[in-house]
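These notes concern the structure reproduced below.
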Amino acid sequence: MSNTPIKRLTVPNIVAKKGKEPIVSLTAYTTPVAQLMDEHVDLILVGDSLGMVIYGLDTTLAVTTEMMIAHGQAVMRGSKHACVMVDLPFGSYQESPEQAFRTASRILQETGAAAVKLEGGEEMAETVEFLTKRNIPVCGHVGLMPQAVQMMGGFKVAGKNDAGVQKVIRDSHAIANAGAFAVVLEGVVEPVAETITQQLSIPTIGIGASPACDGQVLVCDDIFGVFQGFKPKFVKRYANVGHTMQDAVKQYAEEVRSRAFPSMEYCFQPKKD
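Numbered per this note's numbering, the sequence shown spans residues 43 to 315.
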């Protein structure tokens, strides 16, 4: 076994992947899950999706900065290789660039993560520029934006008509021009996502977008088959851990009720003289 310290990927490492080997990204919220995925991924997102998949909320809107910090700290403890970024939760950055700076700087200071991610296009460009000029790496997020679910009337695909196409293109360029190091394209129709990827000088990370994107991100509980609420069209299940867990609980319950568990091998015995 090599004693060479593991070098954590940085924001410049992610940027350098533009047009090259795709960026592999997943969400993580806990230390054990971060440990399991760390050596296989380039970028871990501590997503505000934790509100839905961890806390059982209907949307991400009730997620707090304190929640993001706690889970960001957990993920940093469980990772040594992947670059880690943390979502800015709803209401913690939209008021002003100054508010965004206070939230982002606190998250980076208290977690040790490399970057933050925020949702929004042209309307958030000033904020992105304000943050990046003050040495806070920012990843943008345009297209389907979960924090805007109330305004959008649900989780709706972006770019399905001419107006939608032009909006997501403008939003992507605005965020890139403001200094973001990457932009997540969520729920963007495939040809539009490919066009944006070709046009931007920064990496695009797709989720329900296009294989042409410079990287892909999914929610870990979705690919593991743990989250049972619903399955978006863009999710591929790589395992059915949820079913395995249910089977284990069922067997455990049966053995406890029949007194098959615990057997003597799982019990402590008095010491023999």
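A virtual CB, placed ideally from N, CA and C, is assigned to each residue, including glycine.
Here the alpha carbons of V268 and I48 stand approximately 30 Å from one another. Contact annotation: the stretch 257 to 267 touches the stretch 49 to 69, with at least three C-beta pairs closer than 8 Å. At the C-beta level, V180 and A124 stay beyond 8 Å of one another. Non-local beta-carbon contacts of Q141 in its own chain, meaning distances under 8 Å to residues more than five positions away in sequence, involve S134 and Y135 in chain order. Here the alpha carbons of L130 and G182 stand approximately 11 Å from one another.
Put simply, the backbone Cα of V88 is about 9 Å away from that of V158.
Classified as exposed, D315 has fewer than 16 neighbouring CB atoms from the shown chains inside 10 Å of its CB.
Taken through DSSP and simplified to helix, strand or coil, T52 comes out as coil. D315 sits in coil when the DSSP states are folded into three classes, being neither helix nor strand. Separation of L186 and T153 (C-alpha to C-alpha, rounded to the nearest whole angstrom) is 27 Å. A direct Cα-to-Cα measurement between S121 and R148 gives close to 20 Å. Here DSSP, grouped into helix, strand and coil, assigns M187 to coil. Taking the CA atoms as reference points, F143 sits about 54 Å from E297. Comparing C-alpha distances from G250 to each of T286, A200 and Y97 shows the shortest one belongs to A200. Per DSSP, the continuous alpha helix (DSSP H) segment holding L92 begins and ends at L92 to V95.
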